[in-house]
Each structure stands twice: as structure tokens, then as C-alpha cells.
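Here is the structure we will look at, set down as C-alpha cells.
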Amino acid sequence: MSWFGKRDRALDAFADAIQPELAALRTPPAPAELRQRILADRAAGGRVILPVGRDSSVSVHRYVIASVAVIAGVLLLPLYRSSREDAREAQPVASLSFFGGVAHAEQPAGAPRLPAAFPIHAERIHAGTLRYRRVFTDSAERAVKTVEGSLSVTADSAEGTPAWRVVKLERESGTGGAAINAETVFVRRSNLGLLTRAVHVRPYRRWNGINIQQRAIGDSLSGRMTLDDVTGMRPIARRLRSAYAPFLSDALTPIYLAAVPLSATWQGSLTVLGWAVIPKDVLHPVELRVTGEERVRVPAGTFDCWRMTIRYSGGVVDYWVRKSDGIAVRAVEANVPPGGKRTVTLLSETGM
């Protein structure tokens with residue numbers, strides 16, 4: 004069994020040994036209330052398999068998989084039952100560092116209107132490191148929170164697939180205290196498609212930390228959420244609707260447009276993946292448009308840039324990327340926090 008790391012042969016042997024017992028177990032009938040809840044989750048994109056009548060044409064193998072999933076859920080339930088309130092309160096929602104503030108909107112009802120911004124020139128991505136600063140100011144232009152971050156891109160591989168390992172590390176300071184947000188993403192070098200993703204935030208709300216693990220296989224996003232202070236986990240099982248492709252994690256956003264053929268009239272859409280633990284935090288579509296050209300000065304230097312407008316469900320972001328390579332150098336979003344402003348600037352770079 005291989006999910007988010009190296010293959011565990013001992014776990015494989017254990018899984019093989021208990022297969023007869025699992026096959027012999029009967030799946031309990033689902034009450035009407037549970038069926039309705041599962042149907043609602045499926046409508047929201049949740050990957051839930053429902054038992055159906057004997058006349059179904061679905062392969063028996065899918066029933067076996069569904070039965071094992073139900074049994075696993077039953078076995079894990081006692082571990083988490085004592086912390087049910089903790090699970091509800093955790094309700095993680097992803098924060099979009101460059102493309103927007105904290106996204107709380109419900110999932111989109113219709114497909115994006117603009118052409119998909121696929122990475123046509125994935126070969127333009129290079130290894131290197133970026134350092135940036137995100138500052139939140141209030142209505143009086145006083146800094147209320149500052150986030151210092153680094154983004155490193157390294158050539159690697161994931162289960163034999165040539166990949167880029169992208170690591171985002173952020174340290175936050177402000178009136179709410181200090182926090183560390185770390186994200187590690189593996190994407191295919193050929194097309195920047197997501198392979199695996201791990202997010203760790205310390206602390207998180209009233210817990211010592213939260214951990215998100217994801218793996219993309221075909222049109223599905225699987226994984227789990229765990230809290231440092233709580234025994235057990237919450238599973239992740241979501242569908243990635245092709246109409247919203249391409250999909251990318253937050254860590255990839257500062258460099259993604261390097262692989263897109265930008266021009267004075269370019270416009271496109273893409274979808275940033277949330278933590279996907281709850282239905283409203285799976286897909287966050289954004290629309291991007293080039294609206295002009297500007298020479299921009301930031302701590303990392305002075306660059307000729309494409310000025311862009313990014314629209315997402317929570318607001319609008321003014322965004323500047325270098326014309327030479329599509330690397331993000333500045334982002335400004337108004338009314339974050341209410342009445343204030345969020346500004347991201349590139350501090351320095353190595354090897355990009």
C-alpha cells in the first residue's frame with residue numbers, strides 16, 4: 004500500500020492477511036437519512052459509492068471496494084467519536100497566498116467562462132528559490148500581520164515519475180501570534196499535474212497543528228486530515244471535474260504562469276485546490292486577464308511586467324508577473340482585512 008510515502012511492505016502483508024475476514028463481513032444497510040446525506044455529498048463532488056439494486060450494471064469489484072471503505076470507516080469511527088466537536092470546529096479552509104485571501108465561498112455551480120490556462124510550456128519551469136513577503140494592513144495603513152515566505156523548486160521524482168518538488172514555507176507574525184505554514188507538492192515535470200501534496204500548519208486555531216495529505220489519481224483527489232492533538236483522522240475523497248482543469252495547489256501559483264503563453268490580450272481560467280476536507284473548500288476557480296504593461300519595482304529588483312486582474316469568488320486581485328518568465332513579483336488585494344489591504348512582494352530570488 005503506497006499513499007503518501009514509501010511502500011510499507013508490512014502493511015501490505017497485513018492487508019492481504021485480513022482480506023478473507025473483510026470479504027466475509029456484511030455491510031450494514033444504510034438508513035434513509037444516511038443515504039440522503041451521501042447523495043448530498045455526491046452532488047457537492049464527494050467521492051461516495053452508494054449500494055444499489057441487483058439490476059445494476061456496475062462491476063462487482065466496485066462493491067468490494069465500497070464494502071472495504073465502509074468497514075474502514077466503521078473501524079476508525081470509535082477513534083474519532085470522542086473528538087467529534089473538534090472535527091466540526093476544525094473545518095479547514097485553504098488560504099490562497101498569491102491569488103486571493105481566505106476563500107469561503109460555496110463551490111461553483113457552472114463551468115468557467117474563459118479558456119483553460121493549461122501549461123503549454125512546462126519546460127520553462129526551472130529549479131530555484133523565491134523569497135516573498137505578504138503584509139496585511141488595516142484601514143489606517145497599519146500593518147496587522149506579516150508573512151515571510153520562501154518557495155523552492157527542485158528536480159525530483161515521485162514513484163518513478165519525473166517531478167518538480169515545490170516547497171512553500173511561511174512564517175506569520177502579527178496581533179494573532181506566530182504561525183508556520185509548510186506545503187510540499189510534487190507535480191509532473193511534463194505538464195505540472197498534481198501528484199501529491201502535504202500541508203502542515205503550526206499552530207492551527209486552538210490545536211497544536213493540522214495536517215493535510217492529498218493524492219491526485221485520475222479525476223479523484225484522495226487523502227486525509229489529522230490534528231496534532233486528536234486521535235484519528237478525517238478522510239478526503241473528492242471528484243475533480245474536468246471542466247475546471249487545470250488544477251494547481253497554492254504553492255505553485257507564483258511560478259505557474261511561466262508555463263503559459265502570456266500576451267497583451269491573454270485571458271484564461273484555472274482552479275486552485277483547497278484542502279478538500281469540507282465540500283466548500285475543494286475547487287476555487289479564478290479568472291485571469293492581462294490588462295496592461297508596467298515597469299514594477301520590488302525589493303528583488305525592477306522588472307517589465309504584465310499587469311493582470313485576477314477574479315475569484317471572494318474578490319479581485321491586481322497581479323504583476325515578469326514579461327521575461329511569468330514569475331509573480333507583486334499582488335495587491337483591497338478590503339483584506341475589511342477596510343484594509345493585502346500586499347505580496349518578491350524580496351529575492353536564486354536560480355530562477
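Take the position in the sequence shown, starting the count at 1, then add 3; the result is the number in my numbering. Using N, Cα and C, we set each Cβ at its ideal position, and we do this for glycine too. All values reported here derive from a predicted model rather than from experimental measurement.
7 Å Cβ cutoff met for residue i and residue j
i    : j    : result
A246 : A114 : yes
V188 : R200 : yes
G152 : G354 : no
R310 : E290 : no
A254 : V169 : yes
P257 : F101 : yes
L224 : L243 : yes
T346 : V335 : yes
S351 : R134 : yes
V319 : T348 : no
F250 : L276 : yes
R205 : G212 : yes
Spatial distance of residue i from residue j (CA atoms)
i    : j    : result
P165 : P34  : 46 Å
S142 : E162 : 49 Å
F139 : E36  : 44 Å
T294 : T268 : 8 Å
Q270 : L260 : 12 Å
S176 : R137 : 11 Å
K283 : P341 : 22 Å
W210 : L99  : 21 Å
V156 : G329 : 15 Å
T274 : E144 : 31 Å
A303 : H129 : 18 Å
R116 : P122 : 18 Å
A158 : C308 : 27 Å
V285 : Q39  : 21 Å
V299 : L154 : 21 Å
DSSP bridge partner residues for residue i (one or two, in chain order)
i    : result
M311 : V293, Y322
M228 : I215, R237
D284 : BP columns for D284 are empty, so no partner.
F121 : Answer by DSSP bridge pairing: none, since F121 is not bridged.
V299 : F306
A331 : V324
L1   : In the structure as shown, the chain begins at 4 and stops at 355. Residue 1 is therefore absent and cannot be evaluated.
I220 : S223
T140 : A146, K344
F250 : T274
P165 : S160
M259 : In the sequence as presented, Met is not what sits at residue 259; that position holds Tyr. Y259 is not bridged to any residue.
G131 : V156
E336 : V320, R345
W210 : Y207
E126 : Paired residues: none, contrary to the question.
R191 : A166
L197 : V190
S100 : The partner list for S100 (beta bridge, DSSP) is empty, contrary to what the question assumes.
R242 : S223
Nonlocal neighbours in the same chain, by C-beta distance under 7 Å from residue i, ignoring five residues either side
i    : result
R227 : Q216, M236, R237, P238, I239
V190 : A166, W167, V169, G196, L197, L198, L255
A337 : K344
A120 : P249, V263, G271, S272, L273, L291
W231 : According to the sequence shown, residue 231 is Asp rather than Trp. So the qualifying residues of the chain are W210, N211, G212.
Other residues of its chain near residue i: CB distance less than 6 Å, five sequence neighbours each side excluded
i    : result
H124 : A262
A185 : L172, H203
Y322 : M311, I313, A334
N214 : H203, T229
S160 : A166
R127 : A261, A262
G221 : none
Y207 : I213
I183 : R174, R205
Other residues of its chain near residue i: CB distance less than 8 Å, five sequence neighbours each side excluded
i    : result
S193 : A125, P165
P118 : Q270, G271, S272
K9   : Because K9 carries a pLDDT of 41, less than 50, the predicted location of this residue cannot be relied on, and no value is offered for it.
T149 : R136, R137, V138, F139, E175, S176, G177
S266 : V293
A181 : R174, E175
Presumed contact (8 Å Cβ cut-off) between residue i and residue j, rounded CB distance
i    : j    : result
R325 : A279 : Not really, about 31 Å apart at Cβ, beyond 8 Å.
H287 : S316 : 7 Å
Beta carbon proximity, residue i to chain D, threshold 7 Å
i    : result
R345 : Looking for chain D here will not work: only one protein chain is present.
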